[in-house]
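Just so you know, the sequence shown maps onto residues 1 to 331 in UniProt numbering. The C-beta atom is built at its ideal place from N, Cα and C for all residues, glycine as well. Just so we're clear, the structure is a prediction, and the values are computed from it rather than from any experiment.
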Amino acid sequence: MLIRYSIAFLSVFLIEYAVSYGAVSDLSENSINSIKAIVGDEIITQGDVVRRAAVAIKEAQERYKEKEFLEKVDEILKDTLDELINRKVLIKEAQRIFGTDMMQMKEVEKDLDSFMKGAVKNVGSLSKYYEIAESQGINPIEKKNELKEDIMIDKIMKENVYNKVKVQPKLLRRYYTENIDEFREKKEVSLRHIMIKFSAHNNNKEETFSVAQNVMNRIKKGEDFSALAKQYSDGQKAENGGLWTFEEVNELRKDLRDAAYNLKDNECSKIIGSPVGYHIFKMELIKPEKVQEFEAVQEEIYKKIYREEISRLKTQYLNSLKAGVFVKVIN
1 MLIRYSIAFL SVFLIEYAVS YGAVSDLSEN SINSIKAIVG DEIITQGDVV RRAAVAIKEA
61 QERYKEKEFL EKVDEILKDT LDELINRKVL IKEAQRIFGT DMMQMKEVEK DLDSFMKGAV
121 KNVGSLSKYY EIAESQGINP IEKKNELKED IMIDKIMKEN VYNKVKVQPK LLRRYYTENI
181 DEFREKKEVS LRHIMIKFSA HNNNKEETFS VAQNVMNRIK KGEDFSALAK QYSDGQKAEN
241 GGLWTFEEVN ELRKDLRDAA YNLKDNECSK IIGSPVGYHI FKMELIKPEK VQEFEAVQEE
301 IYKKIYREEI SRLKTQYLNS LKAGVFVKVI N
């Protein structure tokens, strides 16, 4: 594991960086400055990693219990270290390209200036912008430099990754054919249920069955199923006319669930016994299994393939850059 945690320290550490989170591990103050990676002539410290991961750590703390949280933090910090390494590699490449191209650097400065003006306009004034930044523990000068790096990275990523993505129409159709089960909509049912419990009739099975038989006869004569459920059912949904949702049907015992799924629309089951009593089902609504048409899902397929291709090309590009940069991860 990248870093092991104890809940007390991370809280103190993140508060020190003006972030109120509340979690952490065996980190000591000395370990904050410990080196986690070397990229060229630059280092990434443990403190850099934790600061970058702060928001994700906070979100994880809100979602997971202690053991799962600590495991998630390790995962977040590992991913964040990888992210920081990639960022430094990309910055080096961007500086190499833009440092010798005055025209491109002017475009970067122009984009940065436009972004900063927009940020200032959103908060009302430059002094307000600095006030907000300082209240959040952000150094405005460092933030501006980071934004400049982001713009440069975005430009080289567009040229070397995003603009190279090509998703041919035939790939969409092929994916659809080869992964047809992804687009299969399962049969869904909603039904009414009458339960006559043994316990409601002194555990007398014959008496219980007699009641169930009487209810069944009245159903066959055309009486309203939901009204009979309200009158006779001992089930949890009796007051609602015995109506079960699709999700609730899936929680039934397998034999009862199978019996329900085999019913046709508006069809009633026979009387079905179980360890607790007798059951009668009526299909209220049925949505048959169907496969979504290609035309309905092709945009979804395109986005999926596009994301996968972006990931592939990004990894390929980063690996090519790393081949020319000294990168060492220190465990």
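- Fewer than three Cβ pairs drawn from the segment 205-219 and the segment 156-171 lie within less than 8 Å of each other, which leaves the two stretches out of contact.
- For H193 and G242, the gap between their C-alpha atoms comes out near 5 Å.
- The segment 221-234 and the segment 312-326 do not touch, with fewer than 3 CB-CB distances between them shorter than 8 Å.
- Three or more Cβ pairs drawn from the segment 88-102 and the segment 150-161 lie within less than 8 Å of each other, which places the two stretches in contact.
- Per DSSP, reduced to three states, the secondary structure at Y64 is coil, with no helix or strand assignment.
- For L263, no beta strand (DSSP E) segment is defined, and its DSSP state is neither H nor E.
- CA-to-CA, the gap between S114 and K314 works out to about 27 Å.
- Within the segment 140-164, complete alpha helix (DSSP H) segments of at least 4 residues are found at 140-160, given in chain order.
- For a cut-off of 8 Å, the C-beta gap from I286 to H279 is around 19 Å, too long to register as a contact.
- Our two residues, I330 and I76, have alpha carbons roughly 17 Å apart in a direct line.
- The segment 213-221 makes no contact with the segment 290-300, as fewer than three CB pairs between them are under 8 Å.
- Between the alpha carbons of N240 and N179 lies a distance of about 40 Å.
- Restricting attention to beta strand (DSSP E) runs no shorter than 3 residues, the segment 272-306 encloses them at 272-274 and 277-287, ordered along the chain.
- If only uninterrupted alpha helix (DSSP H) runs of at least 4 residues are considered, those enclosed by the segment 37-91 are 46-63.
- Taken atom to atom, the span from the alpha-carbon of A200 to that of A238 is near 14 Å.
- When secondary structure is reduced to three states using DSSP, S320 falls in the helix class.
- In terms of Cβ geometry, L318 and V89 form a close pair [threshold 8 Å].
- Nearest Cα to R257 within the set K187, R63, Y130 and N33: K187.
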